[in-house]
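Counting in the UniProt record's numbering, the sequence shown runs from 1 upward without gaps.
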Amino acid sequence: MAGTYLEMDRMTTSSVPSSSYDGEAPSMIPIMEIVASAADIEGDSDGGEDASIIDFLKPLILDDRTVYDLAYRFSKTFKDVAANSLEQFFPTAVTRLPTGQETGHYLAAYVGLSYLRVAFIDLLGSSVPAARVHSNDVVASPRVRRTLEKAWPIEERLKKDNAKGLFAWIGDRVAEVVADSLEPQGSSSPPSVDMGISFCFPIKQGNLNEAILMPTGKGFAINSDLNLREALLDGYERHIRRANHESAADAKRLRRTLPTLRVVAITNDTVGTLASLAYSVPSLPNSKAVMGLIVGSGCNATILMSMDALNEKKTLPVRANQPDASEVLVSTEWTLRDSSRPLLELRIASDWDNTLTMRSSRPGFQPLEYMVGGRYIGELVRIIAHDYFKTVCGIPDEALPVAIIEPYRLTTDLLSLTIASVSLTKKDLASELQTKLPPHQSTAEWTWTEESAGILRTIAATVQNRSAAIAAAATTGLLACTGHIHLRSLEELASAAPTPTKEATSFLQPSDLRSPEELVVGFSGGVIQHYPMYKQHVQRYIDQVLLRGGPQDGGKSIFLREASDGGVIGVGVLAGTTKGRIETITGAGMKSVEHKNDPQS
């Protein structure tokens, strides 16, 4: 399969099966405001929607009080899970963030849910200025240069294949990029290439260059005890040894010229996102990168935590290799059941959510991801739309589009690119849907109209706004759990000084909440990067949670910054942090590492 050379970092995180997607304060975007904003986008609406759809969607609406309470409960739950659970909040092998001084030439790869990306990364260090944050909050770093980047879709057959088949394919693709990099230089080649690789899977590790796969709901048929470094090296060296798809001359050339591969850094995409941001925007007295956030096909976060805040059993490998470490980057895997308790306590899930969960491959496994991740958003919108069109409008299944009837036929890609498009009026949208979601061919009883297109758009907007609210609550909850900010319970707030009323604060804009001390959250993922207004809604919810919680020590504020493609750049940066400390790693057999007392084995 031929790869595609990439010039820009705008590839979205794809989802499975087919979607791309890692006192009253100001109100939390109530449903009337959602409907009004959709009308404003179109410019041709009377500004209202049928009251039936507004009432119908009320189970999805989270008011500002609930979102704050959710954030507070997340903060307490995360602290408990970090200290007691052996299944979440796993420490990585990273005990300090990059400084921005790292330099070197590294091969980097990212194994996402739907794409494999491989590129060479040049870290230029302090020889060039640090990144400046543009007006659209995208971090563009002159300290990182990418060359010879290629990408390939990961076919479903590879996901369902055994680990050896998948990693043989990954190894072949890595070897292809390495070989291409050598051709302009003639027959000479370096003796070895230092490589970092990141995964969208949850992993556990004691060393930066070793990782074991944890149980995953990502749709890959991979054993949970797989040693990822050895699997990758076996795939790469298989290509050199056998070169199954090359001519005899090409096979001889590859065996002669391909250098040894040294895997010096392994991580997940969330850690890579934070590493990329920290390298590009080094900490200043009034601003520092504190957290990495992925909202794409799935959702995850990483943050530095005190070693003492984590269960001792989880930190043993890190303490053995880095005994002086006091902090460690933690991959939260916060979508899993234990971390999602506040969603259950506050009864956030609607009947539609429960339907989606029960039909999933692992019911109840990832409650937060079912409500936030792009892998499921399209399906949730489909379930709601089908319910509304059938029960409220009385439209029979045989008249509705197949994509509204059959599971996972309505994709998050279509929601983002078409249904939520700011350039399409309702009339335009109805025309687009008639082509992309045609009614059943056997009947002419129903067709897309401006009204039905507007209903679908309102459903999608409501689902995405709730997703943004939950992502913001989890983000602020994690920052409170680690002591970066302080949140009080609703009872404590009620007994304290009155919270500013909506009337008293309605003039405030997000810029009014800016302060000298900024906590920067690097984000990546197809949903938060590319879904219209999603990032802005998350930022707005974060601002309002802080406003309701009252003044923070030092006037702290939280800001989202796009760390585009941290899965590739970030792991290249982490490879740079190992310079001079990694011994040569050569051939490996396909085997698993046993951890007899590990609850994940």
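Glycine included, C-beta positions come from ideal geometry on N, C-alpha and C. Predicted, not measured: the structure shown is a model, and the values here were computed from it.
Quiz item: Cα-Cα, which of Leu478, Ala461, Gly576 and Leu479 is closest to Ile53?
Solution: Locating residue 53 in the sequence shown gives position 53, counting from the first residue. The shortest Cα separation from Ile53 among Leu478, Ala461, Gly576 and Leu479 belongs to Ala461.
Practice problem: Measure the Cβ-Cβ separation of Thr273 and Gly570 and say whether it is below 8 Å. | Solution: Position 273 of the sequence shown, counting from 1, holds the residue named residue 273. Position 570 of the sequence shown, counting from 1, holds the residue named residue 570. Closer than 8 Å, so yes.
Quiz item: Thinking just about the alpha-carbon of each residue, which of Ala289, Ser557 and Tyr376 is nearest to the one in Leu356?
Solution: Position 356 of the sequence shown holds residue 356. Measuring from the Cα of Leu356, the nearest candidate turns out to be Tyr376.
Self-check item: Extent of the continuous alpha helix (DSSP H) run through Cys481
Solution: Taking the sequence shown and counting its residues from 1, one reaches residue 481 at position 481. That run of the alpha helix (DSSP H) goes Glu450 to Cys481.
Quiz item: From what residue to what residue does the beta strand (DSSP E) around Glu517 run?
Solution: Residue 517 sits at position 517 when you count from the first residue of the sequence shown. Where Glu517 is concerned, there is no enclosing beta strand (DSSP E), given that its DSSP letter is neither H nor E.
Quiz item: Secondary structure at Ser37, three-state DSSP: helix, strand or coil?
Solution: Counting from 1 along the sequence shown, the entry for residue 37 is found at position 37. With a pLDDT of only 47 at Ser37, under 50, the local geometry of the prediction cannot be trusted, and the value read off the model is given with reservation. Here Ser37 sits in helix by DSSP.
Quiz item: Cβ atoms of Glu379 and His440: under 8 Å apart, would you say?
Solution: Along the sequence shown, read from residue 1 onward, the residue named residue 440 stands at position 440. Along the sequence shown, read from residue 1 onward, the residue named residue 379 stands at position 379. It is not a contact, given that the beta carbons lie outside the stated cut-off.
Practice problem: Could you tell me whether the Cβ atoms of Ile384 and Ile459 are closer together than 8 Å? | Solution: Stepping through the sequence shown from its first residue, residue 384 is reached at position 384. Stepping through the sequence shown from its first residue, residue 459 is reached at position 459. It is a contact, given that the beta carbons lie within the stated cut-off.
Quiz item: Skipping 5 residues on each side, what residues in its chain have a beta carbon closer than 8 Å to that of Asp50?
Solution: Here residue 50 refers to the residue found at position 50 of the sequence shown. Glu451 and Ile455.
Quiz item: Taking Val568 as the reference, which of Val527, Thr315, Arg117 and Ile528 has the closest Cα?
Solution: The sequence position of residue 568 within the sequence shown is 568, counting from 1. Ranking Val527, Thr315, Arg117 and Ile528 by Cα distance to Val568 puts Arg117 first.
Quiz item: When DSSP builds the beta bridges, which residues end up paired with Met291?
Solution: Here residue 291 is taken as the residue at index 291 of the sequence shown, counted from 1. Note: Met291 sits in a beta bridge opposite Ile303 and Val521.
Practice problem: Could you tell me whether the Cβ atoms of Ile203 and Leu478 are closer together than 8 Å? | Solution: Within the sequence shown, residue 203 is the residue found at index 203, counting from 1. Within the sequence shown, residue 478 is the residue found at index 478, counting from 1. Result no, Cβ atoms of Ile203 and Leu478 do not sit closer than 8 Å.
Self-check item: Supposed contact pair His530 and Ser416 - C-beta distance, whole angstroms, cut 8 Å
Solution: Stepping through the sequence shown from its first residue, residue 416 is reached at position 416. Stepping through the sequence shown from its first residue, residue 530 is reached at position 530. That pair is a contact at about 6 Å.
Practice problem: Count the other C-beta atoms from every protein chain shown that fall within 10 angstroms of the C-beta of Thr435, then say buried if there are 16 or more, exposed otherwise. | Solution: Numbered from 1 along the sequence shown, position 435 holds the residue referred to as residue 435. Exposed is the call here.
Quiz item: Given a threshold of 16 other Cβ atoms within 10 Å of its Cβ, counted over all protein chains shown, does Asn244 qualify as buried or as exposed?
Solution: As a first step, residue 244 must be located in the sequence shown, where it is residue number 244. Residue confidence is low: Asn244 scores 44 on pLDDT, short of 50, so the model does not pin down where it sits. Its coordinate-derived value is still stated next. Exposed, since its Cβ has fewer than 16 Cβ neighbours within 10 Å.
Quiz item: So, is Ala468 buried or exposed, given that buried needs 16 or more other C-beta atoms within 10 angstroms?
Solution: Taking the sequence shown and counting its residues from 1, the one referred to as residue 468 is at position 468. Ala468 comes out buried.
Quiz item: Which of helix, strand or coil does DSSP assign to Leu343?
Solution: Residue 343 sits at position 343 when you count from the first residue of the sequence shown. Helix at Leu343.
Quiz item: Between which two residues does the alpha helix (DSSP H) containing Lys164 stretch?
Solution: Sequence index remark: in the sequence shown, residue 164 carries index 164 (1-based). Its alpha helix (DSSP H) spans residues Ala163 to Leu182.
Practice problem: Return the chain-ordered list of same chain residues with a C-beta closer than 6 Å to the C-beta of Asp122, the five sequence neighbours on each side being excluded. | Solution: By one-based count along the sequence shown, residue 122 stands at place 122. Excluding positions up to five away in sequence, the list reads His105 and Arg145.
Quiz item: Could you give the residue range of the beta strand (DSSP E) that holds Leu124?
Solution: Mapped onto the sequence shown, residue 124 falls at position 124. Run containing Leu124: Tyr115 to Leu124, per the beta strand (DSSP E) assignment.
Practice problem: Under the assumption that Val81 contacts Ala473 (Cβ atoms under 8 Å), give the Cβ distance between them as a whole number of angstroms. | Solution: Sequence index remark: in the sequence shown, residue 81 carries index 81 (1-based). Sequence index remark: in the sequence shown, residue 473 carries index 473 (1-based). 16 Å between Cβ atoms; not a contact.
Quiz item: According to DSSP, is Met11 helix, strand or coil?
Solution: As a working mapping, residue 11 is identified with position 11 in the sequence shown. At Met11 the pLDDT is 33, less than 50, meaning the model places this residue with poor confidence and gives no usable figure here.
Exercise. Please report how far the alpha carbon of Thr475 lies from the alpha carbon of Val281, in whole angstroms.
Key: By 1-based counting over the sequence shown, the position of residue 475 is 475. By 1-based counting over the sequence shown, the position of residue 281 is 281. Those two C-alpha atoms are separated by around 20 Å.
Exercise. Report the three-state DSSP secondary structure of Ser423 (helix, strand or coil).
Key: Position 423 of the sequence shown, counting from 1, holds the residue named residue 423. In this structure, Ser423 counts as coil in the three-state DSSP scheme.
Practice problem: Please state whether DSSP places Ala265 in a helix, a strand or coil. | Solution: Position 265 of the sequence shown, counted from the first residue, corresponds to residue 265. It is a strand residue.
Quiz item: So is Met358 buried or exposed if we call it buried at 16+ other beta carbons inside 10 Å?
Solution: Counted from its first residue, the sequence shown places residue 358 at position 358. When all chains shown are included, Met358 counts as exposed.
Quiz item: Is the distance from the Cβ of Arg143 to the Cβ of Leu124 below 8 Å?
Solution: Numbered from 1 along the sequence shown, position 143 holds the residue referred to as residue 143. Numbered from 1 along the sequence shown, position 124 holds the residue referred to as residue 124. It is a contact, given that the beta carbons lie within the stated cut-off.
Practice problem: For my contact list, Cys299 and Val372 are in at a C-beta cut-off of 8 Å; report their separation, rounded to the angstrom. | Solution: Position 299 of the sequence shown holds residue 299. Position 372 of the sequence shown holds residue 372. Right, their Cβ atoms sit about 5 Å apart.
Quiz item: How long is the line joining the alpha carbons of Trp352 and Arg157, rounded to whole angstroms?
Solution: As a working note, residue 352 is residue 352 in the sequence shown. As a working note, residue 157 is residue 157 in the sequence shown. Trp352 and Arg157: Cα-Cα distance of roughly 30 Å.
Quiz item: Can you tell me whether DSSP reads Met371 as helix, strand or coil?
Solution: Position 371 of the sequence shown, counted from the start, is the residue given in the question as residue 371. Residue state, collapsed to three classes: helix.
Quiz item: Are the beta-carbon atoms of Leu519 and Val94 separated by less than 8 Å?
Solution: Indexing the sequence shown from 1 puts residue 519 at position 519. Indexing the sequence shown from 1 puts residue 94 at position 94. No, the Cβ-Cβ distance between Leu519 and Val94 is not below 8 Å.
Practice problem: Can you give me the Cβ contacts of Gly235 inside the same chain, cut-off strictly under 6 Å, excluding the 5 residues immediately before and after it? | Solution: Counting from one through the sequence shown, the residue named residue 235 turns up at place 235. Once the five neighbours on either side are set aside, the close Cβ partners of Gly235 are Phe167, Ala168, Ile170 and Gly171.
Practice problem: Return helix, strand or coil for Asp194, following the three-state DSSP convention. | Solution: On the sequence shown, residue 194 is found 194 positions in, with the first residue counted as 1. The answer is strand: DSSP assigns Asp194 an E or B state.
Quiz item: How many Å lie between Arg319 and Ala325 at the Cα?
Solution: Within the sequence shown, residue 319 is the residue found at index 319, counting from 1. Within the sequence shown, residue 325 is the residue found at index 325, counting from 1. Each residue's Cα considered, the two are about 7 Å apart.
Practice problem: Could you pull out every residue in the same chain whose Cβ sits closer than 7 Å to the Cβ of Ser306, ignoring the five residues on either side in sequence? | Solution: Taking the sequence shown and counting its residues from 1, the one referred to as residue 306 is at position 306. Result list for Ser306: Ser326 and Glu327, in chain order.
Practice problem: Determine the DSSP secondary structure at Asn311, reduced to helix, strand or coil. | Solution: Looking up residue 311 in the sequence shown gives position 311. Here Asn311 sits in coil by DSSP.
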